[in-house]
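Note that the working numbering numbers the sequence shown so that position 96 is 99, with each residue one more than the last.
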Amino acid sequence: TRERQIRRWRRLKLYWNNFSQIYWSEIAHDYRIYNRDNNSDTDQDYYDKPVNVFKAFLETIIAALSIQIPAINCVPDDAENPLDISTAKAGDKIAELIYKHNDVMFLWLHALYIYCTEGLITCYSYPKEDKEYGTYDKPKYEDEEVDAYICPQCGARVPDEAVDEYDPDNENICLECEAQLDPSLQKTKLVIPRLVGVTKAPKTRICLEVYGGLYVKVANYAKKQADTPYLMFSYETHYANALECHPHLRDKIPHGGWSNLGVNDPYEQYGRLNTQYRGEFPVENVTVKNSWLRPAAFNILPEDQYKKLKKKFPDGVKFVSVNDIPADYENESLDDHWTLTQNPMSDFLNHDPLGELLTNVQDIINDLISLTLQTIEHGIAQTWADPAVVNFNAQRQIEAMPGTITPTKPVSGSRDLSGAFHTSQTASLSPEVFNFYRIIQELGQFVSGALPSLFGGNQSAGSSRTASEYAMSKGMALQRLQTPWRMMTIWWKTIFGKVIPMYMKNMHEDERAVEKNGAGKFINVFIRQAEL
4 TRERQIRRWR RLKLYWNNFS QIYWSEIAHD YRIYNRDNNS DTDQDYYDKP
54 VNVFKAFLET IIAALSIQIP AINCVPDDAE NPLDISTAKA GDKIAELIYK
104 HNDVMFLWLH ALYIYCTEGL ITCYSYPKED KEYGTYDKPK YEDEEVDAYI
154 CPQCGARVPD EAVDEYDPDN ENICLECEAQ LDPSLQKTKL VIPRLVGVTK
204 APKTRICLEV YGGLYVKVAN YAKKQADTPY LMFSYETHYA NALECHPHLR
254 DKIPHGGWSN LGVNDPYEQY GRLNTQYRGE FPVENVTVKN SWLRPAAFNI
304 LPEDQYKKLK KKFPDGVKFV SVNDIPADYE NESLDDHWTL TQNPMSDFLN
354 HDPLGELLTN VQDIINDLIS LTLQTIEHGI AQTWADPAVV NFNAQRQIEA
404 MPGTITPTKP VSGSRDLSGA FHTSQTASLS PEVFNFYRII QELGQFVSGA
454 LPSLFGGNQS AGSSRTASEY AMSKGMALQR LQTPWRMMTI WWKTIFGKVI
504 PMYMKNMHED ERAVEKNGAG KFINVFIRQA EL
């Protein structure tokens, strides 16, 4: 099943990148790009000049759905609690800050591209520390052991002057709980942190990355995100990048060669390969696989191993491997970092991409263009003449001009020259071809939802073509796109329901966000830790 999915996604990627002249290879069990250099013995490739309507239809839909990005509005738990109101306002500011840090317009466009070519959209959110984001002053403490009085009632430290058995005027009272202290109270050993300096620490930002089914694998039977016991995120990179993250694998991972590991890995690697390689493979890439397992996935193991892993990884485990060589693992929850779309028009998480409906339209249009070009070229008539009537050597020396009289010699015994010439019958293009092309174009618009009103196309023949009619037609065309728009807005809201608390958790000091006020000037808006 995974192999069929990858082949289908790979085909759509090729169509998007103008490689619609592809064929199915029985040897490779995959789609291959038609190479003209290897098929120069045929004239058919001369007429193969496809027009990429597949990409044009989908770009129209992407443009219509990316006019604006859904806004994030945080709502307080209690509208009468001023602390909740302050936290909700700070959450709105954090959302705007994350928008700026991640260039969410590009992120949103890439998500729409994945919806059109792969179907399922996934978002990976994680905190990242880096000095390029700035630094903050981090106080450095050291533990120091001292002798001090401890209140037996509340456990608070009592100043030395508060306990004195030789001073009759001293009340011997705890300053925290106001309990009466025994004048003969003895000091005990106490470890207290003491500030010894300040260091510069890198700031943390929340990073968002969007991927499709070629990079992320989930269970095909899962109806919602909670149903999948695992999530695997795989990608190819240069081995030097892998060693930078995992230097202890320097002597274990290969420094060259395409790694075909496992049964399905060759198909996955080929499916993720850049189409510009045109069937070739990079020689220094390795596959990095990040796998998240829920605690429920441990149930497939024996009971003793299940209890051991459940205790060590209560939230689930993240396991990293490079070319199937273990690299790292840690306790990490799948749902805290991944957010998957749930299509209301599908029973399962994995669903057909929107571009799947346009592949047949692209194939038919390719054939129509090829046949039309051949018909037009072969529609030029050819004439044959008897060399006894026409002197071809002399004919080549005469300039063709209107009204030119050329001497000829008729066939003996006849004064009619028509018998010495013959003109072949030409092929004519049927007028039904253009009608069929218009039908195919309308079907492509209908199945994809990229109606002419979205891109300013012509109205129907019977319309008045007024501005109000164009506006009404555009509004009706956009209604077709409401389903993916609602699906993606709910997905977007769920993402920020995770990343805003993640930002609060990793926030070490007050943050500054720059905004424009009503006068057009820039002002600083602070996000206070106390508000969170």
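Backbone N, C-alpha and C fix where the C-beta goes; we use that ideal spot for every residue, glycine too.
Since this is a predicted model, take the numbers as computed values, not measurements.
Asked                                                                                                                                                                    : Found
Report the three-state DSSP secondary structure of Arg253 (helix, strand or coil).                                                                                       : coil
Comparing alpha-carbon positions, which option in Tyr332, Tyr238, Ile530 and Asp327 lies nearest Gly319?                                                                 : Tyr332
Tell me Glu148's beta-bridge partners as DSSP assigns them.                                                                                                              : Val194
Taking the straight line between their C-alpha atoms, what separation do you get for Thr278 and Tyr18?                                                                   : 10 Å
With DSSP collapsed to three states, give me the class of Val266.                                                                                                        : Confidence at Val266 is low in this model, with a pLDDT of 39, below 50, so its placement is unreliable and no value can be given for it.
Need the endpoints of the beta strand (DSSP E) that Asp331 sits in, please.                                                                                              : Ile328 to Asn334
In the DSSP output, which residue or residues are listed as bridge partners for Leu234?                                                                                  : Trp295
Check whether the Cβ of Met348 lies closer than 8 Å to any Cβ atom in chain C.                                                                                           : No chain C appears in the structure shown, which is made up of a single protein chain.
Tell me whether the beta-carbon of Leu15 lies closer than 8 Å to the beta-carbon of Glu271.                                                                              : no
If I follow the unbroken beta strand (DSSP E) through Ala388, where does it start and stop?                                                                              : Thr386 to Ala388
By Cβ distance, which residues of its chain are closer than 7 Å to Ile328, with the 5 residues on each side in sequence left out?                                        : Leu252, Lys255 and Ile256
Does the beta-carbon of Asn334 have 16 or more other beta-carbons within 10 angstroms, so that it is buried, or is it exposed?                                           : exposed
Keeping to the same chain, check which residues put their C-beta closer than 6 Å to that of Glu132; ignore five residues upstream and five downstream.                   : Pro205 and Thr207
Taking three-plus beta-carbon pairs below 8 Å as touching, is the stretch 135 to 144 in contact with the stretch 226 to 241?                                             : no
With DSSP as the reference, label Cys126 as helix, strand or coil.                                                                                                       : strand
Around the Cβ of Gln8, are there at least 16 other Cβ atoms within 10 angstroms (buried) or fewer (exposed)?                                                             : buried
For a quick check, are the C-beta atoms of Phe57 and Leu361 less than 8 Å apart?                                                                                         : yes
For my contact list, Tyr214 and Thr125 are in at a C-beta cut-off of 8 Å; report their separation, rounded to the angstrom.                                              : 5 Å
Counting C-beta neighbours from all protein chains within 10 Å, is the total for Arg515 16 or more, i.e. buried, or is it exposed?                                       : exposed
Could you tell me if Leu454 is buried or exposed, where buried requires 16 or more neighbouring beta carbons within 10 angstroms of its beta carbon?                     : buried
If you draw a straight line from the alpha carbon of Thr240 to that of Pro85, how long is it in whole angstroms?                                                         : 49 Å
Hey, could you find the ends of the beta strand (DSSP E) Leu343 is sitting in?                                                                                           : Trp341 to Leu343
In the DSSP assignment, what are the bridge partners of Ser324?                                                                                                          : Lys292 and Pro329
Enumerate in chain order the residues of its own chain whose CB-to-CB distance from Asn267 is below 7 Å, with the five nearest sequence positions on each side excluded. : Note that Asn267 scores a pLDDT of 47, beneath 50, so its modelled location is shaky; the value from the coordinates is reported in the next line. The answer, listed in chain order, is Arg5 and Glu6.
Is Trp387 buried or exposed, if buried means 16 or more other CB atoms sit within 10 Å of its CB?                                                                        : exposed
Please report the straight-line C-alpha distance between Thr378 and Gln24, rounded to a whole angstrom.                                                                  : 20 Å
Mind checking whether Ala384 and Thr426 have CB atoms under 8 Å apart?                                                                                                   : yes
Relative to the C-alpha of Thr202, which residue among Tyr144, Ala245 and Met235 is closest?                                                                             : Tyr144
When DSSP builds the beta bridges, which residues end up paired with Gln183?                                                                                             : Ile176
For Trp547 and Ile498, what's the separation of their Cα atoms in angstroms?                                                                                             : Any answer about residue 547 is impossible in this case: the structure gives the chain only from 4 up to 535.
Can you look up Ile72 in the DSSP assignment and give me helix, strand or coil?                                                                                          : coil
Using a 10 Å radius around the Cβ and a threshold of 16 neighbouring Cβ atoms, would you call Ala59 buried or exposed?                                                   : exposed
List the endpoints of the continuous alpha helix (DSSP H) containing Cys119.                                                                                             : Val107 to Thr120
DSSP beta-bridge partners for Asp3?                                                                                                                                      : This structure cannot speak to residue 3, because the chain is shown only from 4 to 535.
Measure the alpha-carbon distance for Asn263 versus Asn326 and round it to whole angstroms.                                                                              : Only weak support is given to the placement of Asn263: the predicted model assigns it a pLDDT of 49, under 50, and the value that follows is read from those uncertain coordinates. Approximately 9 Å, taken between the alpha carbons.
Output the boundary residues of the alpha helix (DSSP H) element that contains Lys313.                                                                                   : Glu306 to Lys315
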